[in-house]
Amino acid sequence: MNPIASPFAEALQDVPAKRFPAIREALEASDRDARDRDAFMVTRPAVELLRDLRPEEGLGESIDQLAAFLHHAYLHWTDGERVDEIGDRQLTALLAVEPDRTSVPSSARYSRLPERVVWAEVIEGQPPEPLHGCSIYVEPDGALRVLGIFGLHPSRPGFSVVEAAGPRAERLAREDGTPLFGPRLAGGEVAGLHSIAGQEELLELGWRLQAQADA
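Each position in the sequence shown, counted from 1, maps to that position plus 1 in my numbering.
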């Protein structure tokens, strides 16, 4: 099976071409910044699309995850559907050395990571899932929003999403003293694996991916 390049194309297929232009027109007509989540979600075309994508049985609290995925997908579409392929050596260097913090964030993009190398416990008490990649964009106030896509694979229906948002943390460290992104799976160090421990590390990964792409 061919690897999946973008979760948006996989999940939404022809939705962007058919439905996103109306959202863009509504945002432009109201002079709202598309990167503003609240402004995006109050436009009628976005509300209607969210309703159409919601399964009949509803989503409960997961509706926020669907809204986040839809917003990231829209910005991915408006910024040219950019996908950055991160190789094994790039990822190793990225996780080991903190990039320059002076990098100025630019357009939205999706950074696709090497398969089954970075893992996280997405649902407490459930088996860890591999991180396929991160959708990244910068909010109007300069904070970063990172949507991690976990468990995306051609043989599996669906996937998991986790979003983290905020400014870049200063002197981020794990409470147990292990290195950031250090493996938490048994045998992970020998296998060359990495782990994300919490949303703060996901956000830090997003900032590092952003800095590397802008460099």
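C-beta: ideal position from N, C-alpha, C; glycine also.
The structure displayed is predicted, hence computed values, not measured ones.
**Report entry** Same chain, Cβ closer than 7 Å to ARG175, five either side skipped, listed in chain order
**Finding:** Around ARG175: LEU181 and ALA198.
**Report entry** Member of ARG45, ARG55, GLY149 and ALA6 whose CA lies at the smallest distance from the CA of ARG83
**Finding:** Of the listed residues, the one whose Cα sits closest to ARG83 is ALA6.
Query raised in the report: Grouping DSSP H, G and I as helix and E and B as strand, with all else coil, what is GLY183?
Result: If DSSP states are grouped into helix, strand and coil, GLY183 belongs with coil.
Query raised in the report: Who are the Cβ neighbours of GLN91 in its own chain at under 8 Å, not counting the five residues just before and after it?
Result: Around GLN91: GLN213.
Requested in this report: Return the first residue and the last residue of the beta strand (DSSP E) that GLU86 is part of.
Outcome: It spans 84-86 - the beta strand (DSSP E) in which GLU86 sits, taken as one unbroken run.
Report task. Could you pull out every unbroken beta strand (DSSP E) segment of at least 3 residues lying fully inside the stretch 111-158, listed in chain order? Result -> As far as the stretch 111-158 is concerned, its whole beta strand (DSSP E) runs of at least 3 residues are 119-121, 130-139 and 145-151.
**Report entry** Cutoff 8 Å; reference SER196; Cβ partners in own chain excluding five residues on either side
**Finding:** Excluding positions up to five away in sequence, the list reads VAL119, TRP120, ALA121, PRO129, PHE182, GLY183, PRO184, ARG185, LEU186 and GLY189.
Requested in this report: Taking the CB atoms as reference points, tell me whether LEU76 and ALA109 lie closer together than 8 Å.
Outcome: Yes.
Requested in this report: Would you mind working out which of ASP37, GLU116, VAL191 and ALA69 sits nearest VAL147, comparing C-alpha positions?
Outcome: Nearest Cα to VAL147 within the set ASP37, GLU116, VAL191 and ALA69: ALA69.
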